[in-house]
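Sequential numbering from 1 applies to the sequence shown in UniProt numbering.
We put the CB at the ideal spot given by N, CA and C, even for glycine.
Below is one structure; the comments refer to it alone.
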Amino acid sequence: MTDFADVPGTAAPLHNALIEAGYPTLESLDGVPYKTLIALHGVGKVGLGRIQDALRSQGLSLGEETKGATITAGHTGKSASDIKTHITSVDPVDYINGLDTPRRVEHGKQLLEMFNRITGAEPKMWGPSMIGYGEVHYVSHTGREGDWFQCGFSPAKSKISLYGLKDTPRGEQLLQKLGKYTEGKGCAYINKPEDIDLDVLEAMIQESWEDLQASEE
Numbered sequence: 001m002t003d004f005a006d007v008p009g010t011a012a013p014l015h016n017a018l019i020e021a022g023y024p025t026l027e028s029l030d031g032v033p034y035k036t037l038i039a040l041h042g043v044g045k046v047g048l049g050r051i052q053d054a055l056r057s058q059g060l061s062l063g064e065e066t067k068g069a070t071i072t073a074g075h076t077g078k079s080a081s082d083i084k085t086h087i088t089s090v091d092p093v094d095y096i097n098g099l100d101t102p103r104r105v106e107h108g109k110q111l112l113e114m115f116n117r118i119t120g121a122e123p124k125m126w127g128p129s130m131i132g133y134g135e136v137h138y139v140s141h142t143g144r145e146g147d148w149f150q151c152g153f154s155p156a157k158s159k160i161s162l163y164g165l166k167d168t169p170r171g172e173q174l175l176q177k178l179g180k181y182t183e184g185k186g187c188a189y190i191n192k193p194e195d196i197d198l199d200v201l202e203a204m205i206q207e208s209w210e211d212l213q214a215s216e217e
């Protein structure tokens, strides 16, 4: 068995966090979802990437459960009671036309056209500001579950949020080529479409949508 201290490029805070969470050796992480580990205090992307490299050198790997949640196609109606974000009856076109500035209206229309064209699906408003495509149900490693959308966006005044595009098999690789962005939990933020490579964004949407189609087969 391999001690974490023997993994090059990793430090004590990472080792301690993993051990305290119940993973005493490198090999004990085989199959453990990425999202489960990245949520631990003291665990960062760089260190976890080096852990993954060490696992792969032994023919092992962190789990690929969409980085921490089991995702299945379709809605079930089963959601945690505190989840308040659901599909609404608002027309996404009306929502975009009512945005605060002409600039954001233009951005919203541009993204709506792109997502519509690539997915071929009808957009739905989720909560007051998210436009989502596709139906999925998730169950986290803690058992928390709910219905959600496969991918989508929110053209807010300060930032545009892009949902469901990072955690596909090629999503993180494509993200590095996107352009100017920041990351949040489950999403990426951009200031405006002009800041990014739109061909890469199209590829990320396509990748996400194909991932959903594969799960339906």
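Cα-Cα separation, residue i to residue j
i      : j      : result
THR119 : TRP209 : 6 Å
ARG170 : GLY164 : 12 Å
GLY9   : ARG50  : 7 Å
VAL7   : ALA54  : 7 Å
GLU145 : GLY31  : 21 Å
SER154 : ASP3   : 44 Å
GLU106 : ALA5   : 52 Å
ASN116 : GLU172 : 22 Å
LYS91  : LYS109 : According to the sequence shown, residue 91 is Asp rather than Lys. Distance between the alpha carbons of ASP91 and LYS109 is about 13 Å.
TYR95  : PRO33  : 36 Å
ALA73  : LEU212 : 7 Å
SER81  : GLY134 : 22 Å
Contact set for residue i: own chain, Cβ-Cβ below 6 Å, skip 5 residues either direction
i      : result
THR182 : TYR189
MET1   : THR25, GLU27
GLY132 : LYS124, TRP126, PHE149, GLY152
PRO13  : GLY42
ILE71  : VAL136, TYR138
MET114 : none
Contact belief for residue i with residue j at Cβ below 8 Å, rounded distance in angstroms
i      : j      : result
ILE196 : LYS180 : 6 Å
Cβ shell of residue i (< 8 Å), same chain only, five flanking positions each side left out
i      : result
MET130 : THR85, PHE149, GLY152, PHE153, SER154, SER161, TYR163
GLY47  : GLY9, THR10, ALA11, LEU14
Hey, is the stretch 12-23 in contact with the stretch 33-45, meaning 3+ C-beta pairs nearer than 8 Å? Segments in contact, yes.
Every unbroken beta strand (DSSP E) within the stretch 13-101, with a cutoff of 3 residues, ordered by chain: Counting only runs of 3 or more, we get 69-73.
Which runs of the beta strand (DSSP E) at least 3 residues long sit entirely within the stretch 122-207? Give them in chain order. As far as the stretch 122-207 is concerned, its whole beta strand (DSSP E) runs of at least 3 residues are 124-126, 130-133, 136-140, 145-148, 151-155, 160-163, 182-184, 187-190.
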